[in-house]
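K.L.:
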Amino acid sequence: MAESESGADRSEAPSQKRVQEAREHGQLPRSRELSNFATMIGGSATLIAIGGTLGTTLAEVMRHGLSISPDKLFQADVLQSALGEAIKSALVAVLPVFGVLAALVILAALALGGWNFSTDALVPDFSRMSPLSGIKRLFGLHGATELGKALLKCIVVAAVCAGVTAWLFGDVMRLAHMTPRAAIGRAAGLLASSFVWLCGSLALVALVDVPLQLHQFKTALRMTRQELRDEAKDSEGRPETKSRIRQMQQQLARRRMMHKVPAADVVIVNPTHFAVALKYDPQKMRAPRVLAKGQDLVALNIRRIAEEHRVPVFESPKLARALYRSTDLNREIPAGLYAAVAQVLSYIFRIRTLNPTLAARVSRPEPKVGAEYEDA
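Plus 49 on top of the position in the sequence shown (first one is 1) and you've got the working numbering.
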């Protein structure tokens, strides 16, 4: 059965490339509920830590504002100065709270999606202004999920707020019988306690929202099998391109191989179908090494270059086939061929030191190849 590639068949997990492209476009999993929880818990903790100092400062601001002499109330510069001092003192008092809240908002975002800067996210998306798109988002799965989450949040937070209000109602009413300084300090403490309980409710919502946002992010990036195959082709290259690259690599390797033929000690041939060029340096090598090898036209080319540079050519069909099939380029020959190759090299090295007349009288060896290399 041919598999469908419609949007409903996006059953494959997103690739790393797909996730990276989403990040480049500014698409990251974010949870507003996690940010809300972080700001609430941070604000509550800060109020508890500096609630006394904050209450004292605000009480002093109120006392100073209420202690202006009546005869100066109609002087504009006095009132402006008093208002400026009050605003300055209040801002300095609440600045630590604002600083903690800002830091926690950033940390909450980094904890879920990490740091990311994308200019694509700054480009206006006019499709979001379309009423039709808005209706689809509103009545789609994402819209239903957001609605359910909002209802859950309202129910949980409302229940906690109702409980906290009933619990602290008596303490709030008693603030009217306290001095302003004491009432402000006590009110700050009650507010901090209320925030702590409210944070508990927001924590429940965040625990639901964070996995939900991660799931929605991964679901939105899911791919079809065809998309995975196309991406793999783009990443690894089209088959035609890879084939062409392999051909070019083989040509380059063949050229480098041919340049090594003049340095060989002997070329063993078949006589025309196979050719293997060997080099042996007792000071640097444990065993003879294959410098070049080839079949058919390549073998003929190796033999031609060897003859042009007066490299000895030794005909031994079985040994040539065995060397060609058992040894890779720039590798030492296997131990099973040591004896056969040693006979050939000894013969080559010996006739090099003789004049042509005496060299012609030296008996030519017939190297034997083991049975394991007969059909290698």
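Ideal placement from N, C-alpha and C gives every residue a C-beta, glycine not left out.
Model, not experiment: these values are computed from the prediction.
Only counting the same chain, and skipping five residues up and downstream in sequence, which positions put a Cβ closer than 7 Å to that of A237?
P.N.:
If we look at A237 and ignore the five residues flanking it on each side, its Cβ neighbours are L96, G100, L103, G104.
K.L.:
Anyone know if the C-beta pair for V339 and I382 falls short of 9 Å?
P.N.:
In this structure, I382 lies closer than 9 Å to V339 by Cβ.
K.L.:
Look up G343 in the DSSP assignment and say whether it is helix, strand or coil.
P.N.:
Three-state DSSP puts G343 in a strand.
K.L.:
Taking the C-alpha atoms as reference points, what is the distance between A348 and S60?
P.N.:
Those two C-alpha atoms are separated by around 53 Å.
K.L.:
Under the three-state reduction of DSSP, which class applies to K66: helix, strand or coil?
P.N.:
DSSP places K66 in helix when its eight states are reduced to three.
K.L.:
For L263 and S292, what's the separation of their Cα atoms in angstroms?
P.N.:
Roughly 41 Å between the two C-alpha positions.
K.L.:
Would you please state the rounded distance, in angstroms, between the beta carbons of A62 and R271? I believe it to be under 8 Å.
P.N.:
About 7 Å separates the two Cβ atoms, so the contact holds.
K.L.:
Would you mind stating whether A142 and T106 have Cβ atoms separated by less than 9 Å?
P.N.:
Yes, the pair counts as a contact, with Cβ atoms nearer than the cut-off.
K.L.:
Report all residues from its chain with a CB closer than 6 Å to the CB of K367; omit the five preceding and five following residues, and keep chain order.
P.N.:
Here the set comprises V418.
K.L.:
May I have the straight-line CA-CA distance separating N379 from I155, to the nearest angstrom?
P.N.:
Straight-line Cα distance between these residues: approximately 58 Å.
K.L.:
Quick one: is A326 buried, meaning 16 or more other Cβ sit within 10 Å of its Cβ, or exposed?
P.N.:
Buried.
K.L.:
Rounded to the nearest angstrom, what separates A193 and L200 at their Cα positions?
P.N.:
Computed Cα separation, rounded: 11 Å.
K.L.:
Which same chain residues, not among the five before or five after L253, have their C-beta less than 7 Å away from its C-beta?
P.N.:
If we look at L253 and ignore the five residues flanking it on each side, its Cβ neighbours are V205.
K.L.:
Excluding the five sequence neighbours on either side, which residues of its own chain have a C-beta within less than 8 Å of the C-beta of A87, listed in chain order?
P.N.:
L153, V154, L156, A157.
K.L.:
With respect to the beta strand (DSSP E) encompassing A324, which residues constitute its N-terminal and C-terminal limits?
P.N.:
First-last of the beta strand (DSSP E) with A324: 323-328.
K.L.:
Taking 9 Å as the cut-off, decide whether the C-beta atoms of L251 and E134 are in contact.
P.N.:
Not closer than 9 Å, so no.
K.L.:
Identify which residue in A355, S242, T321, L196 has its Cα closest to the Cα of V213.
P.N.:
Nearest C-alpha to V213: S242.
K.L.:
Hey, quick one: how far does the alpha helix (DSSP H) through I117 stretch, first residue to last?
P.N.:
Run containing I117: none; DSSP gives neither H nor E here.
K.L.:
Within 10 angstroms of the Cβ of D220, are there 16 or more other Cβ atoms? Answer buried if so, exposed if not.
P.N.:
Counting Cβ neighbours within 10 Å, D220 comes out exposed, since fewer than 16 surround it.
K.L.:
Roughly how many angstroms lie between the CA atoms of L277 and P78, to the nearest whole one?
P.N.:
C-alpha separation (whole angstroms): 22 Å.
K.L.:
Return the residue from the list V257, Q65, G92, A369 that minimises the CA-CA distance to I317.
P.N.:
For I317, the nearest C-alpha among the options comes from A369.
K.L.:
Thinking just about the alpha-carbon of each residue, which of N85, Q392, A324, A98 is nearest to the one in V362?
P.N.:
The shortest C-alpha separation from V362 is found at A324.
K.L.:
Could you compute how far the alpha carbon of Y387 sits from the alpha carbon of E280?
P.N.:
Each residue's alpha carbon lies about 50 Å from the other.
K.L.:
Could you tell me whether the Cβ atoms of L161 and V257 are closer together than 9 Å?
P.N.:
It is not a contact, given that the beta carbons lie outside the stated cut-off.
K.L.:
Tell whether a beta-carbon distance below 9 Å holds between A341 and A313.
P.N.:
Yes, these two residues count as a Cβ contact at 9 Å.
K.L.:
With H, G and I counted as helix, E and B as strand and the rest as coil, what does DSSP make of R79?
P.N.:
Three-state DSSP puts R79 in coil, outside helix and strand.
K.L.:
What span of residues does the beta strand (DSSP E) with I316 cover, start to end?
P.N.:
First, the amino acid is wrong: residue 316 is Val here, not Ile. Residues 315-318.
K.L.:
Compare the beta carbon distance of L150 and G91 with 9 Å and say whether it is the shorter of the two.
P.N.:
Yes, these two residues count as a Cβ contact at 9 Å.
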